[in-house]
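Visitor: Chains A and B, in that order, give the protein sequences.
Final position of the first sequence in numbering that gives the first Met the number 0 is 419; the numbers increase by one with none missing.
Final position of the second sequence in numbering that gives the first Met the number 0 is 419; the numbers increase by one with none missing.
Glycine included, C-beta positions come from ideal geometry on N, C-alpha and C.
Protein chains: 2
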Amino acid sequence: MARNAFYAQSGGVTAVINASACGVIETARKHPDIIKNVYAGRNGIIGALTEDLIDTSKESDADIAALRHTPAGAFGSCRYKLKGLEDSRAEYERLIEVFKAHDIGYLFYNGGGDSQDTSHKVSQIGEKLGYPITCVGVPKTVDNDLPITDCCPGFGSVAKYVAVSIREAAFDVASMAKTSTKIFVMEVMGRHAGWIAAAGGLAAEKEGDAPHIILFPEVVFDQEKFLARVDATVKKFGYCAIVVSEGAQYADGTFLAEAGTRDSFGHAQLGGVAPVVAKMVQDALGYKYHWAVADYLQRAARHIASATDVEQAYALGKAAVELAISGKNAVMPTIVRTGENPYTWETGCANLADVANVEKMMPPEFISEDGYGITDACRAYLSPLIQGEDYPPFKDGLPQYVELKKVAVPKKLNKEFIVT
Amino acid sequence: MARNAFYAQSGGVTAVINASACGVIETARKHPDIIKNVYAGRNGIIGALTEDLIDTSKESDADIAALRHTPAGAFGSCRYKLKGLEDSRAEYERLIEVFKAHDIGYLFYNGGGDSQDTSHKVSQIGEKLGYPITCVGVPKTVDNDLPITDCCPGFGSVAKYVAVSIREAAFDVASMAKTSTKIFVMEVMGRHAGWIAAAGGLAAEKEGDAPHIILFPEVVFDQEKFLARVDATVKKFGYCAIVVSEGAQYADGTFLAEAGTRDSFGHAQLGGVAPVVAKMVQDALGYKYHWAVADYLQRAARHIASATDVEQAYALGKAAVELAISGKNAVMPTIVRTGENPYTWETGCANLADVANVEKMMPPEFISEDGYGITDACRAYLSPLIQGEDYPPFKDGLPQYVELKKVAVPKKLNKEFIVT
Chain A
0 MARNAFYAQS GGVTAVINAS ACGVIETARK HPDIIKNVYA GRNGIIGALT EDLIDTSKES
60 DADIAALRHT PAGAFGSCRY KLKGLEDSRA EYERLIEVFK AHDIGYLFYN GGGDSQDTSH
120 KVSQIGEKLG YPITCVGVPK TVDNDLPITD CCPGFGSVAK YVAVSIREAA FDVASMAKTS
180 TKIFVMEVMG RHAGWIAAAG GLAAEKEGDA PHIILFPEVV FDQEKFLARV DATVKKFGYC
240 AIVVSEGAQY ADGTFLAEAG TRDSFGHAQL GGVAPVVAKM VQDALGYKYH WAVADYLQRA
300 ARHIASATDV EQAYALGKAA VELAISGKNA VMPTIVRTGE NPYTWETGCA NLADVANVEK
360 MMPPEFISED GYGITDACRA YLSPLIQGED YPPFKDGLPQ YVELKKVAVP KKLNKEFIVT
Chain B
0 MARNAFYAQS GGVTAVINAS ACGVIETARK HPDIIKNVYA GRNGIIGALT EDLIDTSKES
60 DADIAALRHT PAGAFGSCRY KLKGLEDSRA EYERLIEVFK AHDIGYLFYN GGGDSQDTSH
120 KVSQIGEKLG YPITCVGVPK TVDNDLPITD CCPGFGSVAK YVAVSIREAA FDVASMAKTS
180 TKIFVMEVMG RHAGWIAAAG GLAAEKEGDA PHIILFPEVV FDQEKFLARV DATVKKFGYC
240 AIVVSEGAQY ADGTFLAEAG TRDSFGHAQL GGVAPVVAKM VQDALGYKYH WAVADYLQRA
300 ARHIASATDV EQAYALGKAA VELAISGKNA VMPTIVRTGE NPYTWETGCA NLADVANVEK
360 MMPPEFISED GYGITDACRA YLSPLIQGED YPPFKDGLPQ YVELKKVAVP KKLNKEFIVT
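This is the structure we're talking about:
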């Protein structure tokens with residue numbers, strides 16, 4: 000007997016999380032005998048708690064297909080972590096109430112580590128609170144820090160954006176260096192792990208190519224050594240292009256970004272780490288600098304998404320539904336690398352219990368000995384993930400991203416629930 | 000009798016200045032009876048002064064063709080402005096010496112306002128110092144501030160980058176706004192004129208679309224009014240996306256960027272205007288923010304260049320050579336808009352005397368009455384300039400940009416010239 004599914008997006012969004020949504024909804028639509036309808040949570044799990052459900056059956060096939068090339072979270076995301084059953088019993092009971100009212104038998108939760116933890120906890124309410132629900136996580140994170148899966152949808156596209164951008168900006172700086180800017184610093188995301196910063200290294204294919212220096216959160220920042228390397232690079236190649244992770248830090252754990260200037264009230268300065276690094280170079284070496292902070296641009300840049308990433312994001316959405324249909328519970332589909340040269344992959348399956356709250360760090364052997372670049376092993380791992388372009392359709396010079404109708408499912412409960 | 004041509008790139012580079020170089024060199028190669036060889040200045044006019052010339056005949060046809068899809072200045076640019084003949088007689092005499100030694104009869108100078116001024120001055124040395132040379136400027140500037148020409152190559156691609164980026168980032172913020180970021184501020188170039196900021200407005204096609212607020216250098220910043228608008232936008236649409244020009248300023252002419260925090264030594268803070276605006280909103284309204292400073296990324300982003308811009312950049316390089324061949328001197332080819340809906344254009348011709356040192360500002364009627372958006376007239380002007388995509392070739396996930404061999408022309412003079 001067919002039941003409804005609940006789908007929600009969680010945490011920081013990516014250029015391809017909607018491709019996973021597309022995979023979930025399109026696959027569910029092929030199995031109406033098992034999944035009656037997909038209800039999406041408006042703003043993640045909050046939509047379930049507040050009974051704010053979006054009826055995806057009201058969206059046309061064309062609009063659902065367009066999710067594949069639309070960045071960010073079409074249904075809204077949230078930063079909200081469910082606590083354990085003991086601490087948040089009221090929330091779990093409310094979830095069951097809403098799920099029961101809307102005959103929801105499947106939950107697909109699309110997010111990173113925290114979200115997989117939530118999926119895992121919800122999967123337990125079946126046993127613990129007597130409500131049968133099949134829970135399948137759908138991985139997503141630009142940070143690439145989920146365990147077991149070879150990579151995370153969202154990461155490949157940020158990686159491509161970062162590698163393309165530092166290559167382009169470095170061509171610019173190289174042109175200007177004779178009489179003007181000699182230093183370019185580009186700040187990228189990744190507070191805990193240097194995966195995104197490492198991706199910048201893909202732009203450097205031969206000696207002298209940018210980026211000349213990558214500052215990883217994993218490598219303690221040594222100002223003296225860094226400045227010496229910058230100076231040597233400028234003297235040898237005429238300019239120096241630097242990729243710095245927002246998580247770059249000193250030996251005592253202080254972020255470089257925090258160690259910048261302070262305002263007249265003693266507050267840490269507003270800027271990120273890029274201006275701090277740029278100014279440090281100018282103060283010590285006198286070189287003219289420019290810096291960029293891509294921020295959301297990097298994770299929203301669907302126009303330069305990796306085709307591999309888009310395919311994997313879609314495939315994992317599809318696999319999640321197929322796992323649920325095959326009777327699996329408390330699992331998350333994964334990417335399994337099955338071959339190098341040519342790169343091949345397939346989807347696999349991990350238990351949510353093994354995924355929740357485990358952070359995958361960059362292996363030390365991915366960072367070059369001097370701490371400023373990536374190794375061949377790292378390049379071999381990263382390179383396939385940025386392969387291929389998957390351009391969105393354009394009209395009048397602009398990418399055409401879909402905005403869904405987002406028709407609300409009529410509420411069946413007469414109780415408000417305040418999310419705190 | 001065929002003579003050589005000198006070509007150089009000047010000022011801040013763009014995503015398409017090499018497309019103009021491609022147009023110049025490919026067209027010159029078709030007229031070997033008139034133009035023997037194109038010598039490029041290494042780092043702009045400095046290459047001429049120091050007799051540091053690049054022999055473009057050593058570059059393959061394929062590599063010259065690849066300039067069309069390669070960003071930045073392939074021969075190196077410079078920020079160096081020749082003074083008047085009276086103040087810099089030694090420099091002009093040196094130029095003649097180098098031109099004479101290398102039989103240079105044509106000068107193509109690819110740059111913005113300052114560079115066209117240089118082209119104009121050099122054109123005068125024919126009469127004043129008795130050296131016959133045909134000088135033709137090739138327009139280039141992301142700032143779109145050259146007069147007479149309908150638009151400037153380089154601008155259309157920055158405009159497209161900015162419109163695409165704010166659209167994408169706004170989708171991201173809209174997803175996050177419920178429980179996290181509600182304010183996104185993107186800083187763009189344009190210290191004197193708001194052309195680039197205005198281009199962000201192209202992303203907003205219907206009510207509620209981002210950007211909700213554009214801060215132009217042309218509109219005096221009114222903090223109270225601005226904050227009220229931000230708050231109203233968040234209350235109505237859930238979030239607020241802002242494009243701010245680096246030149247945004249207070250009534251007294253102080254840049255917002257300068258009015259930010261100061262470090263412990265009293266120096267103005269390192270950051271740009273985006274963090275200042277973001278922090279201002281948070282302090283007053285308490286909304287969580289993110290900000291981005293695209294900096295060089297915006298003008299180097301050849302991967303998302305406007306096809307119209309690329310075509311025009313090439314066409315103006317080609318037209319410059321054709322003007323020279325037809326005997327015109329002291330001129331600059333221009334873009335003439337010949338039709339709207341469908342947009343059509345052709346190349347025209349302006350006298351350098353009319354171009355030099357004239358800055359084209361945004362017409363007041365291009366800015367909406369409230370000062371925070373663009374008018375339909377502005378949209379009608381801007382929209383054609385971002386039309387079409389012209390993707391570079393990719394390999395292994397990365398754009399393939401050409402690096403030329405840059406073989407030096409053997410020096411003929413035994414005199415060093417020190418550029419100060």
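Decide if A:P341 is buried, meaning its Cβ has at least 16 other Cβ atoms within 10 Å, or exposed.
Guide: In the first sequence, the residue the question calls residue 341 of chain A occupies position 342. Under this definition A:P341 is an exposed residue.
Visitor: With distances taken between CB atoms, is the gap from B:V163 to B:G370 smaller than 8 Å?
Guide: In the second sequence, residue 163 of chain B corresponds to position 164, counting from 1. In the second sequence, residue 370 of chain B corresponds to position 371, counting from 1. Cβ distance not < 8 Å, so B:V163 and B:G370 don't count as in contact.
Visitor: To which residues of the same chain is A:C150 closer than 7 Å at the C-beta, ignoring the five residues directly before and after it?
Guide: Residue mapping note: residue 150 of chain A aligns to position 151 of the first sequence, counting from 1. Closer than 7 Å at Cβ, skipping near neighbours: N143, I334 and L384.
Visitor: What residues of chain A sit near B:W290, judged by a beta carbon separation below 8 Å?
Guide: Reading the second sequence from its first residue, position 291 is the one you call residue 290 of chain B. By Cβ distance, chain A contributes V292 and D294.
Visitor: What is the residue span of the beta strand (DSSP E) that A:M279 lies within?
Guide: Within the first sequence, residue 279 of chain A is the residue found at index 280, counting from 1. From DSSP, A:M279 is part of no beta strand (DSSP E) but of the alpha helix (DSSP H) over V272 to L284.
Visitor: How is B:R2 classed by DSSP in three states: helix, strand or coil?
Guide: As a working note, residue 2 of chain B is residue 3 in the second sequence. DSSP places B:R2 in strand when its eight states are reduced to three.
Visitor: List, in order along the chain, the chain B residues whose C-beta lies closer than 9 Å to that of A:Y400?
Guide: For the purposes of this step, residue 400 of chain A is taken as residue 401 along the first sequence, with counting starting at 1. Those within 9 Å of A:Y400 in chain B are R166, E167 and F170.
Visitor: Between B:P362 and B:R301, is the Cβ-Cβ spacing less than 8 Å?
Guide: Residue numbering aside, residue 362 of chain B sits at position 363 when the second sequence is read from its first letter. Residue numbering aside, residue 301 of chain B sits at position 302 when the second sequence is read from its first letter. Result no, Cβ atoms of B:P362 and B:R301 do not sit closer than 8 Å.
Visitor: Does the Cβ of B:I417 have 16 or more other Cβ atoms within 10 Å, making it buried, or fewer, making it exposed?
Guide: The residue given as residue 417 of chain B occupies position 418 in the second sequence. Classification of B:I417: exposed, given that the 10 Å Cβ count is below 16.
Visitor: Below 8 Å between beta carbons: does that hold for A:V141 and A:I195?
Guide: Stepping through the first sequence from its first residue, residue 141 of chain A is reached at position 142. Stepping through the first sequence from its first residue, residue 195 of chain A is reached at position 196. Yes.
Visitor: Can you find a C-beta in chain B that's less than 8 Å from the C-beta of A:D395?
Guide: Taking the first residue of the first sequence as 1, we reach residue 395 of chain A at position 396. Judged by the 8 Å Cβ criterion, A:D395 is in contact with chain B.
Visitor: Just the chain A side, please: which residues come within less than 9 Å of B:E415 by C-beta, in chain order?
Guide: Indexing the second sequence from 1 puts residue 415 of chain B at position 416. The contacting residues do not exist; B:E415 stays about 17 Å from chain A at best.
Visitor: Can you look up A:Y342 in the DSSP assignment and give me helix, strand or coil?
Guide: Taking the first residue of the first sequence as 1, we reach residue 342 of chain A at position 343. Residue state, collapsed to three classes: coil.
Visitor: With respect to the beta strand (DSSP E) encompassing A:V242, which residues constitute its N-terminal and C-terminal limits?
Guide: Against the first sequence, residue 242 of chain A aligns to sequence position 243. Note, A:V242: beta strand (DSSP E), C239 to S244.
Visitor: List, in chain order, every chain B residue whose beta-carbon is nearer than 7 Å to that of A:G75.
Guide: Here residue 75 of chain A refers to the residue found at position 76 when the first sequence is read from its first residue. Result: S174 and K177.
Visitor: If distances are taken between C-alpha atoms only, which option among A:D102, A:D116, A:H191 and A:E186 comes closest to A:I212?
Guide: Taking the first sequence and counting its residues from 1, the one referred to as residue 212 of chain A is at position 213. Among A:D102, A:D116, A:H191 and A:E186, the Cα nearest to that of A:I212 is on A:E186.
Visitor: Note the first and the last residue of the continuous alpha helix (DSSP H) segment covering B:N17.
Guide: Looking up residue 17 of chain B in the second sequence gives position 18. Looking at the DSSP string, the run of the alpha helix (DSSP H) that includes B:N17 is I16 to R28.
Visitor: Among residues of its own chain, excluding the 5 on either side of A:K317, which ones have a beta-carbon nearer than 6 Å to its beta-carbon?
Guide: The count along the first sequence starts at 1 and reaches residue 317 of chain A at position 318. Cβ within range, chain order: G22 and T26.
Visitor: Return the residues of the stretch 306 to 327 of chain B that lie within a Cβ-Cβ distance of less than 9 Å from chain A, sorted by chain order.
Guide: Those would be A306 and T307, in chain order.
Visitor: Quick one, which of A:K159, A:P216 and A:L214 has its alpha-carbon nearest A:A202's?
Guide: Indexing the first sequence from 1 puts residue 202 of chain A at position 203. The residue with the shortest Cα to Cα distance from A:A202 is A:K159.
Visitor: Among A:G111, A:E90 and A:D54, which one has its Cα closest to the Cα of A:S76?
Guide: Position 77 of the first sequence, counting from 1, holds the residue named residue 76 of chain A. For the residues A:G111, A:E90 and A:D54, the minimum Cα distance to A:S76 belongs to A:G111.
Visitor: I want to see whether chain B comes within less than 8 Å of A:D163, judged by CB atoms only; does it?
Guide: For the purposes of this step, residue 163 of chain A is identified with residue 164 of the first sequence, where counting begins at 1. Here residue 163 of chain A turns out to be Val, not Asp, going by the sequence shown. Chain B contact via Cβ: present.
Visitor: List, in chain order, every chain B residue whose beta-carbon is nearer than 9 Å to that of A:L48.
Guide: For the purposes of this step, residue 48 of chain A is identified with residue 49 of the first sequence, where counting begins at 1. None at all; the shortest Cβ gap to chain B is about 12 Å.
Visitor: B:M175 lies in the alpha helix (DSSP H); which residues open and close that run?
Guide: As a first step, residue 175 of chain B is located in the second sequence; it is residue number 176 there, counting from the start. Start and end: F154 to M175.
Visitor: With 8 Å as the threshold, decide whether the Cβ of A:S367 is near any Cβ in chain B.
Guide: Here residue 367 of chain A is taken as the residue at index 368 of the first sequence, counted from 1. Not one chain B Cβ lies under 8 Å of A:S367.
Visitor: Which residues in the same chain as A:A320 place their Cβ atom closer than 6 Å to its Cβ, once the five residues preceding and following it in sequence are excluded?
Guide: Residue mapping note: residue 320 of chain A aligns to position 321 of the first sequence, counting from 1. Reading off the sequence, residue 320 of chain A comes out as Val, not Ala. Here the set comprises V23, T26 and A27.
Visitor: Given 8 Å as the limit, is there contact between the stretch 166 to 179 of chain B and the stretch 215 to 232 of chain B, that is, 3 or more CB pairs closer than that?
Guide: The answer is no - the stretch 215 to 232 of chain B does not touch the stretch 166 to 179 of chain B, with fewer than three Cβ pairs under 8 Å.
Visitor: Are any of the Cβ atoms in chain A nearer than 8 Å to that of B:N3?
Guide: Working through the second sequence from its first residue, we reach residue 3 of chain B at position 4. No, B:N3 does not count as interfacial toward chain A.
Visitor: Provide the residue span of the alpha helix (DSSP H) that contains A:L315, from first to last.
Guide: Walking along the first sequence from the start, residue 315 of chain A turns up at place 316. Its alpha helix (DSSP H) spans residues A306 to I324.
Visitor: For B:M331 versus B:P138, is the C-beta spacing smaller than 8 Å?
Guide: Indexing the second sequence from 1 puts residue 331 of chain B at position 332. Indexing the second sequence from 1 puts residue 138 of chain B at position 139. Their beta carbons are under 8 Å apart, which means B:M331 touches B:P138 by this criterion.
Visitor: Would you list, in chain order, the members of the stretch 61 to 95 of chain B that have their beta-carbon closer than 9 Å to a beta-carbon of chain A?
Guide: Cβ contacts with chain A: T69, P70, A71, G72, A73, F74, G75, S76, C77, R78 and Y79.
Visitor: Count the other C-beta atoms from every protein chain shown that fall within 10 angstroms of the C-beta of A:S19, then say buried if there are 16 or more, exposed otherwise.
Guide: For the purposes of this step, residue 19 of chain A is taken as the residue at position 20 of the first sequence. Answer is buried; the Cβ neighbour count reaches 16.
Visitor: Identify each residue in the stretch 371 to 396 of chain B for which the Cβ-Cβ distance to at least one residue of chain A is less than 9 Å, and report them in chain order.
Guide: Answer set for the stretch 371 to 396 of chain B: S382, P383, L384, I385, Q386, G387, E388, Y390, F393, D395 and G396.
Visitor: What are the start and end residues of the alpha helix (DSSP H) that includes A:C134?
Guide: For this step, residue 134 of chain A is matched to residue 135 along the first sequence. Not the alpha helix (DSSP H): A:C134 falls in the beta strand (DSSP E), residues T133 to P138.
Visitor: B:Y6: buried (16+ other C-beta within 10 angstroms of its C-beta) or exposed?
Guide: Here residue 6 of chain B refers to the residue found at position 7 of the second sequence. Looking at its Cβ environment, which holds 16 or more other Cβ atoms inside 10 Å, B:Y6 is buried.
Visitor: For chain B, check one thing: does any of its Cβ atoms lie closer than 8 Å to the Cβ of A:A407?
Guide: Along the first sequence, read from residue 1 onward, the residue named residue 407 of chain A stands at position 408. By this cut-off, A:A407 is not an interface position.
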